[in-house]
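Below: the structure, in structure tokens.
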Amino acid sequence: MSDTSLSSIPQRTTRIRDDLLHSGFYLGDHDLINRVHWAPNGRKDSFFVNEAVQSHTSSSDDATELATLSAVVRIMDNNFWLTSDAGWRAPTSITPHLHDAKATCVGVAPRSGPFRPDFFVAVQNATNLQQQVATQDFNLRYGFACTGEGESTQIKFRHVLFEKIDGDNADAEFIQHTSTSTLTI
């Protein structure tokens with residue numbers, strides 16, 4: 000790798016961070032909380048773009064635009080299960096079937112660079128967003144969870160590999176093109 004390509008890495012990193020901040024949906028942005036809200040989405044709650052933000056960023060008449068949040072983390076290689084089988088090897092009491100497996104990974108603060116201080120803002124935003132929909136006195140969190148403090152803070156991300164098809168999320172055209180299984184990837 001040449002010296003010129005190495006010297007451009009900090010500039011590219013700064014440009015990426017600027018793009019994330021301008022997106023309005025970067026967890027490391029102090030103003031994120033003002034741009035999204037939780038709302039029912041079928042049988043679950045999801046993040047939606049606030050109407051005031053949506054009217055400035057989209058010409059869509061759809062008042063229910065889902066918000067896709069981003070974060071920059073350093074993935075811990077000793078706690079990474081975002082594989083196609085989520086590390087499932089055999090039935091256990093927690094995951095008796097492959098479709099019960101939950102793919103997860105743990106992200107920690109980047110070692111250096113402009114994303115490092117943003118990580119702690121992202122953790123605070125994630126915690127605040129979780130608290131908005133948390134059932135009082137109930138500690139279980141879905142989607143992501145923040146643990147630890149200071150340098151040992153972690154964000155755990157979860158991805159559901161399979162989703163049961165039922166009346167609330169059944170799409171006739173989609174179901175027609177899949178196997179007879181009641182699970183989809």
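In terms of the numbering used here, the sequence shown is residues 0 to 184. Yeah, the Cβ is synthetic: ideal placement off N, Cα and C, and Gly gets one too.
Leaving out the 5 sequence neighbours to the left and right, which residues in its chain are closer than 6 Å to Cys145 when beta-carbon positions are compared?
Val122, Ala125, Thr126, Ile154
Query raised in the report: If you draw a straight line from the C-alpha of Glu150 to the C-alpha of Thr94, how long is it?
Result: Each residue's alpha carbon lies about 32 Å from the other.
key: Spatially closest choice to Met75 from Gly106, Ser45, Ala100, by CA coordinates   = Per the Cα distances, Gly106.
Between the Cα of Gly129 and those of Ser22, Ser7, Gln10, Ala38, spot the shortest distance and give me the residue it belongs to. The residue asked about is misnamed: residue 129 is Gln in this sequence, not Gly. Among Ser22, Ser7, Gln10, Ala38, the Cα nearest to that of Gln129 is on Ala38.
- [ ] Taking all protein chains shown into account, decide if Asp18 is buried (16 or more other Cβ within 10 angstroms of its Cβ) or exposed.
- [x] exposed
Quiz item: Where Glu64 and Leu26 are concerned, what is the direct C-alpha to C-alpha distance, given to the nearest angstrom?
Solution: Annotation: Glu64 to Leu26 spans about 18 Å, alpha carbon to alpha carbon.
Are three or more beta carbon pairs between the region 85–99 and the region 107–120 nearer than 8 Å?
no
Just reading off the beta strand (DSSP E) that Pro39 is part of, what are its end residues? For Pro39, the uninterrupted beta strand (DSSP E) run begins and ends at 35–40, by DSSP.
My assumption, with CB atoms under 8 Å, is that Arg34 sits in contact with Gly41. Please give the rounded CB distance.
So it is not a contact: roughly 22 Å between Cβ atoms.
**Prompt:** Leaving out five residues before and five after Thr13 in sequence, what residues of the same chain have Cβ atoms less than 8 Å from its Cβ?
**Reply:** Pro113
>> Using DSSP's beta-bridge definition, name the partner residues of Ala102.
In response: His158
Check your understanding: Pick from Gln135, Ala133, Phe119: whose alpha carbon is nearest that of Gly147?
Key -> Phe119
**OP:** Report yes if the CB atom of Leu20 is closer than 8 Å to the CB atom of Phe46, and no otherwise.
**Re:** No.
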